[in-house]
Structures are given as C-alpha cells and as structure tokens.
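J.: Read in our numbering, the sequence shown has 1018 at position 493, and its numbers run on one by one without any break. Backbone N, C-alpha and C fix where the C-beta goes; we use that ideal spot for every residue, glycine too. Model, not experiment: these values are computed from the prediction.
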Amino acid sequence: MSWGTELWDQYDNLSIHTNKGIEVLDKYANFLRDRVAIETEYAGKLRRLVKNYQPKRKEEEDNEFTSRQAFRNLLKEVGDLAGQREVVSETLQQQIIQSVALLSKTLREDRKKCLTDGTVLQQCLSAQLSSLERAKRNYDKAYRDSDKAVENYKKADMDLNLSRAEVERYKNIMTSKNQQSDDAKNEYANQLQKTNNLQQHHYSMLLPAVFNRLQELDEKRTLGIREFIIGAADVESSVAPIIARCMEGIVKAGESINEKEDSLKVIERYQSGFTPPTDIPFEDLSKMDLSNVSNYSHSTIKGTISVRRKGVRNNILQSIFGSNKQRQIIEACITMKNSLTADGQKEDFSDLPPNQQRKKLVAKIAELQQRVDQETNTRDGLMKMKIVYEANSSLGNPMTVEGQLNESEHELEKLKRDLKKFQDILDKANQLQVANNSPQSHRNQLQNGHRTSRHSNGSASADDHHDADDQPDDAGSLSRSDSEDNVAQIQNGHNNNNNGSSASPESGLGTSHTSLPGSGQGSANENAIGEETCYETEVELLQPLGTCRALYPFEASSEGSIPMSEGEELQVIENDQGDGWTRVRRANNSNGWDEGFVPTSYIECTLFA
C-alpha cells in the first residue's frame, strides 16, 4: 500500500505529518545532546571527586595499610568509570548525534523539494480547471444569446408590420449567435477533455509519485530513529564489560582489606622496642648510707665542673668570634655529626625509638645499596666504553670518558663509605637491642635499684644516680661520669666518639668534629686564648639545602657577610632563621669555598625536595 493511491486527496495532511516526523527526529537529537552533556558533566565530576580524595604527599606513609590501599584502588576504578562515561559521551557525539543532524537536514531538503513539486502540480491542475470554468461560462452565455436571437427572429418573421430588410437583419443576427454558440460549445468540449486528461494524469501518476517520495522520506526517518536508538544502546553496551570489570575491581579492593594485617602494621610502625618499666622499689630514707650521699655529692661536683666547662667553651667561642651569628655558624659546623635530614630527623635516626631506628636504617641501607649497584653499572659501562675507544680511536677519544670515569669512581667511593657507616650504625643498634633485652641487663637494673627512663631520641637517663661509675655495662643510659670521660678524651685530643652516637649535653663538645686543644684546662687555657694561637679545624662541608640566584648586587659591609653580583648562582646551606639573613656558599678557585650571609630579600631560593 502506498500513500499515492490510498491518500491521493490528503496532500495537506501528509505535509503536516512529515513535518511532525522530522520534528520528532530533531527532538531525539536534542535529547542525545542533553544526555551527552550530562555524561560529560558526570565524568568530569567523577574525575574531580577522584582528584580531591587522592592521598596527600604527607599521607603516603599510611599507604601500607590495606584499607588505604583499597581506597586508592577504589579511586582508580572510579577514575576508570569516569573514563568510560567519557567514551560514551564522545561516541554518542561523534557517531549518533552527527548522523541524526545530517539525516534531519537531508529529510528537510527532500521534503521541501517534494512539497514544491506537489505545489507545482496542484497549480497546473487548478489552472486547467480555471480554463474549463471560463470555457463553460462562455459557452453558457453564447447559448443563451443564440436562443434569444432565434426567438427574436421568429417574432420578426411573424410580424407583418416589419419590412423584409428588418426581418433579414434579425435572421443574420440569429445565424451569428448560433455560430458563436457552436464555437463556445466546441471550446468548452475541448477544455473539458484537456481537464479530464490532466486530472486523470495528475491523480494517477504525478501526485502519487510525490506522495510516494514523501512516504519513502518518512520511512527513512522512522528507520533512522530505530537505528539511532539501537546504536546508542550499543555504545552503552560496548563499555558495559569494562564497567563490570571496574565494579569487580572495587569489590576486589574491598575484599583485600585485612584488619589483622593492618593491626600488625600498626604494631610494626609504632613499636618502640622498649621494655615495660619494672616495679618501683621502696626507698627507706632512714636507712640511706653515707656512700650514697658521698656518691651524690661527687656527682653534683662533676655536674658543676661540667657546667663550668660549658661556660668556658662559650667564652672561648665568644672571644674568637665576636658576633652571635658567627658563633652559631661555628657551632653548626661542630655539631655536623648530628645534622638533620630533609624530613627533620637525625642522620643516624637516633632520635627515633630503637625499632623504628632499625627500620629506617634498613631502608636507608637498601637505598644506598641500590645506588651503589647503579653507580657500579655506570662505572663498568664507562670502562667498557674507554676500552673500546682505546682499541679503535676512530670511534671516540678515550680522554673524553676519563673525567666521567673519575667522577663515577669518586661517587662510588662516597656511596660505599655511607653504606659502611649506616651498616655500622645498624650493627650497633642491633647489639644495643640485644644488650637491653638480656637477663643481665634486667638484673643490673634490679640490683641498682633504679628505673631507666627511655626518651623518644633513643637515649636514656637514670632517675637516681647511686653508683654511676660502677655501671659500665648499662648500654641503655649515659651517666654523668661517662660524659666527663668523653670531655677528658676531647681535652687530650683523642675523641673516640666517631659513630655519631648521642653524648652528654654537659660536655658541650661531645658531638664535635673539631678538636680544640686545651678547651677544658681552666683559666690557664683562658689566658692562652689572648695569645696568637692557631687552631686546626677539620669540618665537613654542610650539605646544600638548595640553590639561589642573586636578584640584586650586594656589597658585604658587615662581618660574616659575603658580596654577590646580580644573577650569580649560590648554594643555600642554612635557611633564614627569622633575622632576614640566609647563609650561602660558592666555589672559590683559590680558597676552595666561600661561605657567608646575604640578605634574604636579595635572593630567589629553590630548595631541594
């Protein structure tokens, strides 16, 4: 069944119907555009949600817990979900919406052409019908005029009063009207035949062809909507397996959470390694013997001497270096052994509890070992390259590799020294843990009648000094007499504390890399300071904290400052402590390194991460 035969007289309704069909197609296109906008917005919000809940850098250490790892995996899967929604949005935009827009444009153009052809056909048929109507009216008028002329002639012929000439005139008029009536009749018959032929051709062939084209157009639109709906569903179905895998990943992330494992990791992270305190003994003051009093007095005297020596050290530094800033610089050099790392911890991690210290040391040793292996591979590669260059000079100059090889050797030696140093620190930390956990250590603590108080820096101080000189085996504490022995060794020029371990703060020089002869000899050495005395200091260079660039030139006008030119690159070795000055360093061909202070506002700093 076709529209041309069944709906031959429904031109206006078909025009309205096809227009509404194309409007439905446009409405579906708008629906897809709005859906694409929603999908894009949803994907963007999902990605923004994932970004906002990503763990911060300061929270990276908590990633070892299974719950945190599961949450990170959840965020990753949600990010993948957002990616799939973006795929749906882009595919709908590129494949479906563009096709719908193109089809709608094509249908509108074809419909307009069909309606134009139909209008032309209707106009032609209407014109022919108008001609037929005019011919019919002319024929009707001519026929009435002919009848009237015949009647007038009959009256004139029967009228005896009229002359023969007048009768003849009426006869001629009748003949003329009859001829005109016959001509109008023939014209009417001719127009009627033409109209019938055109009308038959119009309704049987011409107009049905236009209606059939409109039918094809409408069916094409209907089929297009069908394909577009199925295509949109196929786009959604294509990402469904990936979304299902994302859901499986989320479920797997949830199932990976292990509360027992997290509890063990909490123990591993925060376990200090200290033993619980023993029972506090009862002290009967009425039975305190004189030996304890004498030991207490002896310890107090030693403490007084240590305080005096600390004052002497301060006087020495103050007399040598006039300003407090310079004294702080020298003290920073003296305490180089206990320099802090980038995260604010001591280099040997002695400020951490024993278990945590050993954990950090193991990680540090693993890192250094990896760097040693990498540097060894680099050196071996350079050596092979040098051998190849020496065997065939056309490939390259061996001397170009010599500098890199020497630099690699120096770096490798430095890494090996650091590795050996941290291995020694770990061995001593392990020995200390064994000593603290031994039965002899617990017996000594019970026999001495005091409780050792552990601090967060890994050292220990005795609550009660009854007989500190008789406890050399107590590795967990450092008595006041040990500090005095350390000071005595420094006075004699033999500092045996080379492993960076903590020393008594009363000595003042327990962590020094510098040997100041006679620093503890009392007033005799104080008088010697005024003379011309040369002190040899062997101080390790401070590790640079970053680099800086001079924004403006600076002329050093005060003691302890160094000049700099605009654009000069310097090393930052000490940050601004709030006084407006930053300590910097630069290479000097004659003296090795120049260090001093420059105004903080004159430089632009870039600190190492």
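(1) Please report the straight-line C-alpha distance between Leu731 and Leu748, rounded to a whole angstrom.
(2) Measure from the alpha carbon of Ser701 to the alpha carbon of each residue in Ser671, Asn715 and Gln724, then state which is nearest.
(3) Kindly indicate which three-state DSSP category Gly529 falls into: helix, strand or coil?
(4) For Cys1130, write down the residues that DSSP places opposite it in a beta bridge.
(5) Could you please give the first and the last residue of the uninterrupted beta strand (DSSP E) stretch that includes Pro473?
(6) Can you tell me the Cα-Cα spacing of Ala568 and Glu611, whole angstroms?
(7) Name the two residues that bound the continuous alpha helix (DSSP H) containing Ala1112.
(8) Asn588 to Gln594, Cα distance in whole Å?
(9) Please classify Pro733 as buried or exposed, where buried requires at least 16 other C-beta atoms within 10 Å of its C-beta.
(10) Just to confirm, is the Cβ distance from Gly1092 to Val1109 under 9 Å?
(11) Mind the definition here: the region 598-605 touches the region 529-540 only if three or more C-beta pairs lie below 8 Å; say whether that holds.
(12) Around the C-beta of Thr616, are 16 or more other C-beta atoms found within 10 angstroms, so that it is buried, or is it exposed?
(13) Say whether the region 623-632 touches the region 792-808, bearing in mind that this needs 3 or more beta-carbon pairs closer than 8 Å, one atom from each stretch.
(14) In this structure, how does DSSP classify Glu1099 when only helix, strand and coil are distinguished?
(15) May I ask you to verify whether the region 679-694 touches the region 636-646, counting CB pairs closer than 8 Å and requiring at least 3?
(16) At least one CB of chain C closer than 9 Å to the CB of Lys679: is that the case?
(17) Quick one: residues in its chain with C-beta nearer than 6 Å to the C-beta of Leu971, no 5 flanking neighbours on either side, listed in chain order?
(18) Drop a sphere of 10 angstroms on the beta-carbon of Met1089, count the other beta-carbons inside from all chains shown, and report buried for 16 or more, exposed for fewer.
(19) For Ile782 versus Leu550, is the C-beta distance shorter than 9 Å?
(20) Name, in chain order, the residues that DSSP records as bridge partners for Ser655.
(21) Let me confirm a value: Gly1105 is counted as buried when at least 16 other C-beta atoms fall within 10 Å, else exposed. Which label applies?
(22) With Gly798 and Pro879 assumed to form a contact (beta carbons below 8 Å), what rounded beta-carbon distance in angstroms separates them?
(23) With which residues is Ser1086 paired in a DSSP beta bridge?
(24) Helix, strand or coil: how does DSSP classify Glu744 here?
(25) Considering only the beta carbon of each residue, do Gln1096 and Pro1124 sit closer than 9 Å?
(26) Return the CA-CA distance between Asp905 and Phe947, expressed in angstroms with no decimal places.
(27) Could you tell me whether the region 532-545 touches the region 576-587, using the rule of 3 or more Cβ pairs below 8 Å?
(28) Since Glu1094 sits in a beta bridge, which residues does DSSP pair it with?
(29) Quick check on the burial criterion: 16 or more other C-beta atoms within 10 angstroms. Buried or exposed for Val791?
(30) Are the region 707-725 and the region 672-681 touching, with three or more C-beta to C-beta distances below 8 Å?
(31) Put Phe1079 into one of helix, strand or coil per three-state DSSP.
(32) Does the separation of the CB atoms of Pro923 and Glu915 fall below 9 Å?
(33) Taking a contact to mean a Cβ-Cβ separation below 9 Å, would you say Val613 touches Val735 in this structure?
(34) Going by DSSP in three states, Thr903 sits in which element: helix, strand or coil?
(35) Measure the C-alpha to C-alpha separation of Gly1085 and Thr1131 and round it to an integer number of angstroms.
(36) Whole angstroms is fine: what's the gap from Ala891's alpha carbon to Arg883's?
T.: Taking the geometry as given:
(1) So the alpha carbons of these two residues sit roughly 26 Å apart.
(2) Nearest neighbour of Ser701 by Cα position, chosen from Ser671, Asn715 and Gln724, turns out to be Ser671.
(3) Shown here, Gly529 sits in a helix according to DSSP, grouped into three states.
(4) In the DSSP assignment, Cys1130 forms a beta bridge with Cys1073.
(5) Coverage of the chain is limited to positions 526 through 1134, which leaves residue 473 absent and any answer about it impossible.
(6) When rounded, the distance between both Cα atoms is 6 Å.
(7) Secondary structure note for Ala1112: it is in no alpha helix (DSSP H), and the uninterrupted beta strand (DSSP E) holding it is Trp1106 to Asn1113.
(8) Rounded to whole angstroms, Asn588 and Gln594 show a C-alpha spacing of 6 Å.
(9) That one is buried.
(10) No, the Cβ-Cβ distance between Gly1092 and Val1109 is not below 9 Å.
(11) No, they do not touch.
(12) Per the 10 Å Cβ criterion, buried.
(13) Too few Cβ pairs lie closer than 8 Å, so no.
(14) Glu1099 carries a strand assignment under DSSP once its states are collapsed to helix, strand and coil.
(15) Fewer than three beta-carbon pairs drawn from the region 679-694 and the region 636-646 are found closer than 8 Å, and the two stretches are therefore not classed as touching.
(16) You won't find chain C in this structure, because it holds only one protein chain.
(17) With a pLDDT of only 45 at Leu971, under 50, the local geometry of the prediction cannot be trusted, and no value is derived from it.
(18) Under this definition Met1089 is a buried residue.
(19) With contacts defined by Cβ atoms closer than 9 Å, Ile782 and Leu550 do not form a contacting pair.
(20) Paired residues: none, contrary to the question.
(21) When all chains shown are included, Gly1105 counts as exposed.
(22) 4 Å between Cβ atoms; contact.
(23) Note: Ser1086 sits in a beta bridge opposite Phe1122.
(24) Note: Glu744 maps to helix in three-state DSSP.
(25) Going by beta carbons, Gln1096 and Pro1124 fall outside the 9 Å limit.
(26) Each residue's alpha carbon lies about 25 Å from the other.
(27) Contact between the region 532-545 and the region 576-587 is absent: fewer than 3 CB-CB pairs across the two stretches fall below 8 Å.
(28) DSSP, once it has assigned bridges, lists Arg1074 as partnering Glu1094.
(29) Label assigned to Val791: exposed.
(30) Using a C-beta cut-off of 8 Å, the region 707-725 makes no contact with the region 672-681, since fewer than three inter-stretch Cβ pairs fall below that distance.
(31) Strand, per DSSP.
(32) Yes, Cβ-Cβ distance for Pro923 and Glu915 is below 9 Å.
(33) No Cβ-Cβ contact shorter than 9 Å links Val613 with Val735.
(34) Thr903: helix per DSSP, three-state reduction.
(35) If I take the Cα positions, the gap works out to 23 Å.
(36) Here the alpha carbons of Arg883 and Ala891 stand approximately 12 Å from one another.
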